[in-house]
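Peer 1: Residues 0 to 633 (numbering that gives the first Met the number 0) make up the sequence shown, in order.
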Amino acid sequence: MSRSDGETAFGEQDLYLFNEGNHAGLYRLMGAHPCEQGGAAGVRFAVWAPNAREVAVVGDFNGWRPGANPLRCLGASGVWEGFVPGAKPGDRYKFWLKNRETGEELWKADPFGYRAEVPPATASVVADLAYAWGDGDWMRRRGEVNRHDRPMAIYEVHLGSWRRGPGGEMLTYRELAPQLAEYAAAHGFTHVELMPVMEHPFYGSWGYQVTGYFAPSSRWGSPQDFMFLVDTLHQAGIGVILDWVPSHFPDDAFALARFDGTHLFEHADPRRGYHPDWGSLVFNYGRHEVRSFLLSSAMFWLDMYHADGLRVDAVASMLYLDYSRKPGEWEPNVFGGREDLDAIRFLRRLNETVYLLAPGTQTVAEESTAWPMVSRPTSMGGLGFGFKWDMGWMHDTLLYFGHDPVHRKWHHNLLTFRALYGFTENFVLALSHDEVVHGKGSLLGKMPGDDWQKFANLRLLLAYQWTLPGKKLLFMGQEFGQWSEWNHERELEWHLAGFERHAGLARLVGDLNRLYRELPALHATDHDPAGFEWIDCTDAEQSTLSFLRRSPDGRREVAVALNFTPVPRVSHVIGVPHGGTWREVLNTDASEYGGSGMGNLGGVEAEAEPAHGRPYALRIVLPPLGAVVFAHDE
Numbered sequence: 000m001s002r003s004d005g006e007t008a009f010g011e012q013d014l015y016l017f018n019e020g021n022h023a024g025l026y027r028l029m030g031a032h033p034c035e036q037g038g039a040a041g042v043r044f045a046v047w048a049p050n051a052r053e054v055a056v057v058g059d060f061n062g063w064r065p066g067a068n069p070l071r072c073l074g075a076s077g078v079w080e081g082f083v084p085g086a087k088p089g090d091r092y093k094f095w096l097k098n099r100e101t102g103e104e105l106w107k108a109d110p111f112g113y114r115a116e117v118p119p120a121t122a123s124v125v126a127d128l129a130y131a132w133g134d135g136d137w138m139r140r141r142g143e144v145n146r147h148d149r150p151m152a153i154y155e156v157h158l159g160s161w162r163r164g165p166g167g168e169m170l171t172y173r174e175l176a177p178q179l180a181e182y183a184a185a186h187g188f189t190h191v192e193l194m195p196v197m198e199h200p201f202y203g204s205w206g207y208q209v210t211g212y213f214a215p216s217s218r219w220g221s222p223q224d225f226m227f228l229v230d231t232l233h234q235a236g237i238g239v240i241l242d243w244v245p246s247h248f249p250d251d252a253f254a255l256a257r258f259d260g261t262h263l264f265e266h267a268d269p270r271r272g273y274h275p276d277w278g279s280l281v282f283n284y285g286r287h288e289v290r291s292f293l294l295s296s297a298m299f300w301l302d303m304y305h306a307d308g309l310r311v312d313a314v315a316s317m318l319y320l321d322y323s324r325k326p327g328e329w330e331p332n333v334f335g336g337r338e339d340l341d342a343i344r345f346l347r348r349l350n351e352t353v354y355l356l357a358p359g360t361q362t363v364a365e366e367s368t369a370w371p372m373v374s375r376p377t378s379m380g381g382l383g384f385g386f387k388w389d390m391g392w393m394h395d396t397l398l399y400f401g402h403d404p405v406h407r408k409w410h411h412n413l414l415t416f417r418a419l420y421g422f423t424e425n426f427v428l429a430l431s432h433d434e435v436v437h438g439k440g441s442l443l444g445k446m447p448g449d450d451w452q453k454f455a456n457l458r459l460l461l462a463y464q465w466t467l468p469g470k471k472l473l474f475m476g477q478e479f480g481q482w483s484e485w486n487h488e489r490e491l492e493w494h495l496a497g498f499e500r501h502a503g504l505a506r507l508v509g510d511l512n513r514l515y516r517e518l519p520a521l522h523a524t525d526h527d528p529a530g531f532e533w534i535d536c537t538d539a540e541q542s543t544l545s546f547l548r549r550s551p552d553g554r555r556e557v558a559v560a561l562n563f564t565p566v567p568r569v570s571h572v573i574g575v576p577h578g579g580t581w582r583e584v585l586n587t588d589a590s591e592y593g594g595s596g597m598g599n600l601g602g603v604e605a606e607a608e609p610a611h612g613r614p615y616a617l618r619i620v621l622p623p624l625g626a627v628v629f630a631h632d633e
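Below you can see the structure in the form of structure tokens.
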């Protein structure tokens with residue numbers, strides 16, 4: 000990261016691409032970079048402030064005096080740059096700016112800072128990103144691991160509340176690393192998704208109000224400590240997806256808001272620049288330099304921190320000019336529509352850039368509307384994401400499971416509707432943190448019935464999620480059935496994992512993940528309609544469902560049957576395409592999971608009796624509030 004070859008690190012091409020909105024590598028140029036210049040060790044600083052009359056860097060190295068180290072402006076680019084001999088990693092600093100028109104003086108943290116002080120302190124910290132990575136094998140093969148036809152079972156984690164120390168103190172990246180890697184691997188997850196680790200002043204925002212788009216939060220350690228966490232997960236065979244927030248940022252005076260005394264990063268018009276839901280500011284995606292800033296932030300985490308993917312938060316709030324706004328509170332686009340054309344262009348450029356410059360990685364959209372072709376290539380008119388969260392499935396499924404089983408037959412369509420749109424996008428079936436906060440209760444707490452039925456329902460829900468087409472995501476704590484809803488101020492209820500029903504649920508999650516990985520029919524055709532076929536989706540009266548999953552070669556089928564009532568179905572018939580033995584490879588009612596032990600003794604012989612339009616039939620025991628999975632090997 001050091002340079003000593005001249006007075007400026009910026010070439011003409013760098014400044015041109017930055018001002019044009021197409022520079023995705025600004026993290027190597029902007030900010031604070033330890034280096035040598037003229038034989039002296041120090042730090043080169045650079046910041047974008049086009050509306051400033053004067054800019055200086057202030058910090059531990061100059062007694063925080065604005066006049067000590069002024070920066071020079073690089074022509075019309077708006078970039079200010081300078082070298083400070085004697086400055087070094089660990090020094091705290093800010094930029095001091097004076098607005099050209101008003102003379103207003105501002106003290107700002109570095110938008111490109113690699114490290115920040117531990118909140119509530121707000122200065123940036125000079126940092127070197129040197130680190131000896133040990134994940135070379137993973138990096139060579141991650142493109143194979145992250146393919147759409149590979150299993151992807153994601154464990155969503157908030158680092159501040161997954162585990163804590165004996166006194167309730169938050170653990171560091173290095174302390175969390177071996178524990179999280181071992182736990183995720185033991186339960187069969189292929190990826191960990193981290194809620195935003197980018198620096199944020201308000202812990203209660205869970206990281207979704209970012210002030211440091213290039214700095215992992217110092218609450219849990221240094222940049223190298225976070226690299227160690229990613230490295231450890233990779234060496235355990237676990238991919239790392241980072242939540243990334245280009246949709247809005249907080250209005251804290253020390254950060255991006257009115258950075259040089261003007262609305263630089265945000266829209267000046269509050270109809271576009273203010274977010275009513277979160278009381279935050281909206282990026283001006285039409286400003287070229289802002290696009291370069293955000294593109295560089297995305298690439299920074301994929302490049303310098305070896306992240307395997309970015310989950311982009313609140314995409315819907317970016318796409319619609321009237322998102323959460325009443326009539327008169329938003330301004331139509333040039334065609335009179337409600338679509339934010341600048342945001343659309345930015346998202347397409349983002350995905351094109353990521354897939355070009357970071358092959359083997361993926362982008363995931365959290366987009367809550369029916370916007371078409373979110374996960375289709377930009378060449379087809381899509382937004383270009385690799386995946387999209389299926390928010391409709393999440394809503395309908397949890398609504399269905401909230402009903403008492405006696406009433407479920409009247410809501411059968413909540414389960415079957417997804418098949419009408421299930422292959423229009425590359426979906427991720429997510430049961431995320433959003434579903435277990437703000438009074439919504441935990442997944443286990445949402446389930447109706449007594450304790451036995453609650454656990455049976457949750458086992459059924461997870462089996463339903465894992466056997467449907469689509470990648471999987473589960474928020475931490477739900478894998479062992481936490482009773483309370485998530486609280487970011489304390490660790491998960493780990494003591495529960497020692498109780499048999501909770502331990503049984505965790506064993507089921509591990510077995511679901513194992514089965515998902517081992518059977519191509521359950522993952523290789525997650526986004527291919529040829530890989531899914533209803534056996535019977537019309538049995539609303541008994542509240543059962545059955546379907547086939549197929550591998551890419553059209554053989555090695557898996558048959559899934561689910562019973563959404565506590566009434567056992569004995570001699571329940573499902574039609575299958577082949578004779579011979581169908582092995583029972585999973586039964587959520589098995590005693591080792593905490594169930595009643597009803598099942599099919601390891602397998603069922605197909606009868607030459609037509610059923611459901613197929614030449615053979617399986618006569619099975621369908622346990623109460625249970626799911627059974629059968630595999631047919633050619």
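Ideal Cβ positions, reconstructed from N, Cα and C, are used throughout, including at glycine.
Grab me the residues of HIS499's own chain with a C-beta within less than 7 Å of its C-beta, minus the 5 sequence neighbours each way, in chain order.
Peer 2: The sequence given here has Glu at residue 499, not His. GLY593, listed in sequence order.
Peer 1: Please list, in chain order, all residues of the same chain as GLY74 whose beta carbon is under 8 Å from its beta carbon, the five residues on each side excluded.
Peer 2: LEU14
Peer 1: What is the rounded straight-line gap between the Cα of VAL117 and the Cα of SER216?
Peer 2: 8 Å
Peer 1: Using only the alpha-carbon positions, how far apart do ARG2 and ALA39 sit?
Peer 2: At ARG2 the pLDDT is 36, less than 50, meaning the model places this residue with poor confidence and gives no usable figure here.
Peer 1: Would the region 203–214 and the region 258–275 be scored as touching if the rule is three or more Cβ pairs under 8 Å?
Peer 2: no
Peer 1: Which one of ALA306, THR171, GLY206 and LEU255 has the shortest CA to CA distance from HIS233?
Peer 2: ALA306
Peer 1: Verify whether the separation of the beta carbon atoms of ASN512 and ALA8 is less than 8 Å.
Peer 2: no
Peer 1: How about VAL363 and ILE240: are their beta carbons less than 8 Å apart?
Peer 2: For VAL363 and ILE240, yes; Cβs fall inside 8 Å.
Peer 1: I'd like the ranges of any alpha helix (DSSP H) spanning at least 4 consecutive residues and lying wholly in the region 256–281.
Peer 2: 269–272
Peer 1: Who are the Cβ neighbours of GLU639 in its own chain at under 6 Å, not counting the five residues just before and after it?
Peer 2: In the structure as shown, the chain starts at 0 and stops at 633, and residue 639 therefore has no counterpart that could be examined.
Peer 1: If you compare alpha carbons, which of LEU355, PHE111 and ASN456 is closest to HIS402?
Peer 2: ASN456
Peer 1: Skipping 5 residues on each side, what residues in its chain have a beta carbon closer than 7 Å to that of GLU328?
Peer 2: Taken in chain order, the residues that qualify are ARG270.
Peer 1: In the structure shown, what three-state DSSP assignment does SER1 receive?
Peer 2: Here SER1 scores only 35 on pLDDT, less than 50, and its place in the model is too uncertain to base an answer on.
Peer 1: State buried or exposed for LEU624, treating a residue as buried only when at least 16 other CB atoms are found within 10 Å of its CB.
Peer 2: buried
Peer 1: Given this structure, state the Cα-to-Cα distance separating LEU170 from PRO245, to the nearest angstrom.
Peer 2: 27 Å
Peer 1: In chain order, what residues of the same chain have a beta carbon less than 6 Å from the beta carbon of MET194, not counting five sequence neighbours either side?
Peer 2: So the qualifying residues of the chain are HIS157, TRP205, GLY206 and ASP242.
Peer 1: For the alpha helix (DSSP H) that VAL314 lies in, which residues bound it at each end?
Peer 2: 314–318
Peer 1: What does the Cβ neighbour count give for LEU355, buried or exposed, with the cut at 16 atoms within 10 Å?
Peer 2: exposed
Peer 1: Cβ of GLY203 within 8 Å of Cβ of HIS631?
Peer 2: no
Peer 1: Using 10 angstroms around the beta-carbon of ASP90, count the other beta-carbons present and answer buried if the total reaches 16, otherwise exposed.
Peer 2: buried
Peer 1: Measure the alpha-carbon distance for LEU518 versus GLY187 and round it to whole angstroms.
Peer 2: 14 Å
Peer 1: Beta carbon of TYR515, beta carbon of PRO150: below 8 Å?
Peer 2: Yes, they are a contact pair.
Peer 1: According to DSSP, what are the bridge partners of GLU198?
Peer 2: GLY211
Peer 1: Under 8 Å between the Cβ atoms of GLY497 and LEU443?
Peer 2: no
Peer 1: Pick helix, strand or coil for GLU338, following the three-state DSSP scheme.
Peer 2: GLU338: strand per DSSP, three-state reduction.
Peer 1: Quick one: which unbroken beta strand (DSSP E) runs of 3-plus residues sit fully inside the region 346–401? Chain order, please.
Peer 2: 361–364 and 386–388
Peer 1: Could you give the distance in angstroms between the alpha-carbon of GLY579 and the alpha-carbon of VAL572?
Peer 2: 16 Å
Peer 1: Alpha carbons only, please: which of SER295, LEU430, ALA252 and VAL333 is nearest the one belonging to TRP388?
Peer 2: LEU430
Peer 1: Please state whether DSSP places ARG417 in a helix, a strand or coil.
Peer 2: Helix at ARG417.
Peer 1: Beta carbon of GLU492, beta carbon of TRP482: below 8 Å?
Peer 2: yes
Peer 1: With DSSP collapsed to three states, give me the class of ALA254.
Peer 2: coil
Peer 1: Using the C-alpha atoms, what's the distance from GLY102 back to PRO69?
Peer 2: 16 Å
Peer 1: Flag this pair as yes or no: are the beta carbons of LEU419 and LEU398 separated by less than 8 Å?
Peer 2: no
Peer 1: Span of the beta strand (DSSP E) holding GLY574?
Peer 2: 568–575
Peer 1: Please report the Cβ distance between ARG548 and PHE531, rounded to the nearest whole angstrom; I am assuming they are in contact, meaning their Cβ atoms lie under 8 Å.
Peer 2: 6 Å
Peer 1: Look at the Cβ atom of LEU635, then the Cβ atom of ALA176, and state whether they are nearer than 8 Å.
Peer 2: Since the first residue shown for the chain is 0 and the last is 633, residue 635 is missing from the structure and cannot be characterised.
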